[in-house]
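Presented below is the structure to which this report refers.
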Amino acid sequence: ATRAHWTDVGGLSTGFGGANALDPWMEGLQLDQIKLYEAGKLDEKVWRLIRDNIRFPDASMGDLKSQVAANRLAEKRLEEILLRYTRATVEQAIERIFDQTEASCRAVVAQWPDGVYEAHSLFAGSPLDGNQPVEIKVRVIIKGSDVIIDLTQCSQQRRAPINARTLAAPLIAYKALTTPTEPINEGAFRALKVEIQEGNYMMARHPAAMASWGRTLPTVVDTIFLALEPVLRGKLPAAHMGVLGGPVVFFGNDPHTQQAFVTQSIEGGGWGGRPTGDGESASVSVCQGDVRNAPIEKMELRWPILVRRRELRTDSGGPGQYRGGLGLEVEVEGLVEGQWSLTDMGRQQYPPWGIEGGKPGATAATLMKLPTDGAFKPVSVVRHMVPAGTAAIVATAGGGGWGNPLHRELDRVRQDVLEGYVTIESAARDYGVIIDAQTLEVDAAATAGRRR
Numbered sequence: 133a134t135r136a137h138w139t140d141v142g143g144l145s146t147g148f149g150g151a152n153a154l155d156p157w158m159e160g161l162q163l164d165q166i167k168l169y170e171a172g173k174l175d176e177k178v179w180r181l182i183r184d185n186i187r188f189p190d191a192s193m194g195d196l197k198s199q200v201a202a203n204r205l206a207e208k209r210l211e212e213i214l215l216r217y218t219r220a221t222v223e224q225a226i227e228r229i230f231d232q233t234e235a236s237c238r239a240v241v242a243q244w245p246d247g248v249y250e251a252h253s254l255f256a257g258s259p260l261d262g263n264q265p266v267e268i269k270v271r272v273i274i275k276g277s278d279v280i281i282d283l284t285q286c287s288q289q290r291r292a293p294i295n296a297r298t299l300a301a302p303l304i305a306y307k308a309l310t311t312p313t314e315p316i317n318e319g320a321f322r323a324l325k326v327e328i329q330e331g332n333y334m335m336a337r338h339p340a341a342m343a344s345w346g347r348t349l350p351t352v353v354d355t356i357f358l359a360l361e362p363v364l365r366g367k368l369p370a371a372h373m374g375v376l377g378g379p380v381v382f383f384g385n386d387p388h389t390q391q392a393f394v395t396q397s398i399e400g401g402g403w404g405g406r407p408t409g410d411g412e413s414a415s416v417s418v419c420q421g422d423v424r425n426a427p428i429e430k431m432e433l434r435w436p437i438l439v440r441r442r443e444l445r446t447d448s449g450g451p452g453q454y455r456g457g458l459g460l461e462v463e464v465e466g467l468v469e470g471q472w473s474l475t476d477m478g479r480q481q482y483p484p485w486g487i488e489g490g491k492p493g494a495t496a497a498t499l500m501k502l503p504t505d506g507a508f509k510p511v512s513v514v515r516h517m518v519p520a521g522t523a524a525i526v527a528t529a530g531g532g533g534w535g536n537p538l539h540r541e542l543d544r545v546r547q548d549v550l551e552g553y554v555t556i557e558s559a560a561r562d563y564g565v566i567i568d569a570q571t572l573e574v575d576a577a578a579t580a581g582r583r584r
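Okay, here's the thing in structure tokens:
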């Protein structure tokens with residue numbers, strides 16, 4: 133089986149149902165276990181059914197063809213292995229790998245002290261739910277080499293499409309804390325039990341809207357890490373940008389080509405400072421794998437837009453002995469009439485937290501400026517037609533800081549100022565380091581007094 137993103141799946145608006153979707157049918161075309169191929173032969177009727185109910189059939193059907201090709205290649209490779217080693221040998225090897233992975237995970241957990249560890253965080257809610265924040269309450273129970281992650285106290289499912297039906301977040305957290313560099317397989321999770329009830333927003337009942345199911349998962353991962361801070365003190369990072377990228381999405385019809393278009397780019401943010409160094413800047417979240425943003429040259433050649441800037445956000449990294457990574461700020465202007473899809477990325481109200489005395493990173497932001505506006509204005513949820521010349525700014529969150537900022541080495545603070553990562557004002561306010569605005573040298577005496 134393969135699972136992949138498509139450019140469009142039908143539904144209320146381009147890409148997926150959007151922030152206002154209230155049920156699965158508003159989110160996209162619903163197909164329940166329908167065969168695309170029967171006895172190895174393509175079912176043309178099913179193909180047309182899908183193609184005729186999505187906005188960008190060439191792109192999305194290309195995605196589907198890629199999935200079919202991936203399955204065929206996997207089938208071919210599996211057949212080759214079975215013919216070479218026999219099915220019995222392959223199954224025995226698989227079970228052995230599972231057992232070895234389980235043993236490795238258990239060996240790590242066995243070194244942790246038994247106990248019950250808790251943490252709580254908030255994620256921005258939706259206007260569809262009265263802007264009530266989503267509560268993420270985590271209990272981690274350690275007993276011997278077994279781990280229970282209890283999510284039963286998290287918020288109940290919502291009307292807005294931020295619900296999920298997946299255990300991905302606790303699995304990611306557990307794997308990252310036990311054997312992050314070893315293969316992911318069934319054995320990795322044999323010693324883990326996840327407690328969650330039906331109706332929880334992460335185990336929502338049908339027909340809950342789930343188009344943005346992945347938005348809160350990175351924050352759940354960070355919260356599990358936070359719960360285990362007393363166990364793994366000095367080994368965990370601060371919170372990271374905590375969302376599935378800062379999406380740049382602009383779509384419409386290009387009058388020059390008479391073709392529909394959709395501009396898409398996922399912009400990274402800051403990761404939390406670590407016990408061994410600063411957090412990574414402009415990187416996607418823990419749940420996004422190897423996703424990258426789109427090159428500016430490609431965006432401008434392919435779509436009717438102008439990317440005015442893509443730059444690191446000064447002062448966005450949370451202050452700490454090890455600074456949080458910086459978020460990005462991207463300004464894009466639409467050269468034709470179209471629709472911007474600007475949504476609350478989740479870290480616009482609740483910033484990535486610092487740990488071990490570190491401070492939080494900067495919150496995310498989305499802004500828009502119409503041709504008649506004098507300045508950019510903050511927006512929360514926008515998905516409507518705007519005239520040519522409308523520009524948007526997507527600013528992603530910075531990572532939280534690790535450790536007391538007053539313990540950061542003076543040379544590191546000065547270098548941050550020279551690189552434009554930190555302003556002179558922040559150096560003094562957050563790090564207690566006084567830097568001369570003319571010479572850009574550290575005033576050692578003034579700094580010693582400030583840090584005293």
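In terms of my numbering, the sequence shown is residues 133 to 584.
Beta carbons: idealized from backbone N, C-alpha and C, even for Gly.
As the structure is a computational prediction, the values presented were derived from the model and not from experiment.
Give the C-beta separation of residue i and residue j to the nearest angstrom, bearing in mind that I take them to be a contact with Cβ-Cβ under 8 Å.
i	j	result
Asp-282	Ile-268	At roughly 12 Å, the Cβ-Cβ gap does not stay under 8 Å, so Asp-282 and Ile-268 are not in contact.
Glu-314	Ser-236	6 Å
Gly-104	Gly-411	For the chain, the structure presents residues 133 to 584; residue 104 sits outside this window and is missing.
Thr-146	Arg-183	Going by Cβ atoms, the distance from Thr-146 to Arg-183 rounds to 16 Å, so no, they are not a contact pair.
Ser-253	Arg-290	In fact, because the Cβ distance is near 16 Å, the residues do not count as touching under 8 Å.
Ala-153	Arg-515	Incorrect: roughly 11 Å between the Cβ atoms, too far for contact.
Gly-535	Gly-493	Contact doesn't hold; Cβ gap of about 14 Å is too wide.
Arg-546	Val-574	5 Å
Leu-309	Cys-419	Not a contact, Cβ separation roughly 15 Å.
Val-200	Ile-213	Rounded, the Cβ-Cβ distance is 21 Å, inconsistent with contact.
Val-279	Val-241	6 Å
Ile-566	Arg-582	6 Å
Trp-485	Val-363	Wrong, their Cβ atoms sit about 18 Å apart, outside the cutoff.
Glu-463	Arg-440	4 Å
Could you give the residue range of the alpha helix (DSSP H) that holds residue i?
i	result
Ala-300	300-310
Leu-364	Note, Leu-364: premise wrong, no alpha helix (DSSP H); not H, not E.
Trp-593	Because the chain in this structure spans residues 133 to 584, residue 593 falls outside the shown range and cannot be described.
Glu-205	Glu is not the amino acid found at residue 205; the sequence shown has Leu there. Residues 189-217.
Asp-543	542-551
Arg-582	576-583
Glu-327	Premise fails: Glu-327 lies in the beta strand (DSSP E), 324-327, not in any alpha helix (DSSP H).
Ala-359	349-359
Asp-585	The chain is shown only over 133 to 584; residue 585 falls outside these bounds and no answer can be derived.
Glu-557	556-563
Ile-186	Per DSSP, Ile-186 belongs to no alpha helix (DSSP H) and is neither H nor E.
Glu-429	428-434
Where do the N-terminal and C-terminal ends of the beta strand (DSSP E) with residue i fall, by residue?
i	result
Ile-274	266-275
Glu-465	460-466
Thr-498	497-501
Ser-253	247-255
Leu-438	437-444
Glu-399	391-399
Ile-525	523-527
Gln-471	470-472
If we call anything under 8 Å between Cβ atoms a contact, is residue i one with residue j?
i	j	result
Val-526	Thr-571	no
Gly-124	Gly-366	Any answer about residue 124 is impossible in this case: the structure gives the chain only from 133 up to 584.
Lys-501	Ala-523	yes
Thr-233	Ala-320	yes
Met-373	Arg-544	no
Ala-300	Met-342	no
Thr-475	Met-431	no
Val-399	Val-375	The amino acid at residue 399 is misidentified as Val; the sequence shows Glu. Not closer than 8 Å, so no.
Thr-355	Ala-496	no
Gln-453	Pro-537	yes
Asn-332	Gln-288	yes
Ala-359	Tyr-249	yes
Gly-490	Gly-405	yes
Pro-451	Gly-533	yes
Ala-256	Gln-481	yes
Leu-327	Ile-487	According to the sequence displayed, residue 327 carries Glu and not Leu. No, the pair does not count as a contact, with Cβ atoms beyond the cut-off.
Ser-397	Ala-426	yes
Ser-277	Arg-238	yes
The ligand NAP heavy atoms versus the CB of residue i: any closer than 7 Å?
i	result
Asp-231	With respect to small molecules bound, the structure shown includes none, and the ligand NAP cannot be examined in it.
Next item on the list: Would you be able to state if there are at least three C-beta pairs under 8 Å between the segment 458-473 and the segment 430-450?
Entry: Here the segment 430-450 lies against the segment 458-473, with 3 or more beta-carbon pairs under 8 Å apart.
Next item on the list: List in chain order: all unbroken alpha helix (DSSP H) runs of 4+ residues lying wholly within the segment 141-173.
Entry: Qualifying alpha helix (DSSP H) stretches, in chain order: 156-159.
Note to self: With three or more C-beta pairs closer than 8 Å as the rule, is the segment 548-564 touching the segment 444-457?
What the structure shows: yes
Margin query: With three or more C-beta pairs closer than 8 Å as the rule, is the segment 159-167 touching the segment 301-308?
Written below: As far as the Cβ criterion goes, the segment 301-308 does not touch the segment 159-167, which means the pair count is below three.
Notebook entry, point to check: Should the segment 136-146 be called in touch with the segment 188-196, which here means at least 3 C-beta pairs below 8 Å?
Noted result: Touching, yes.
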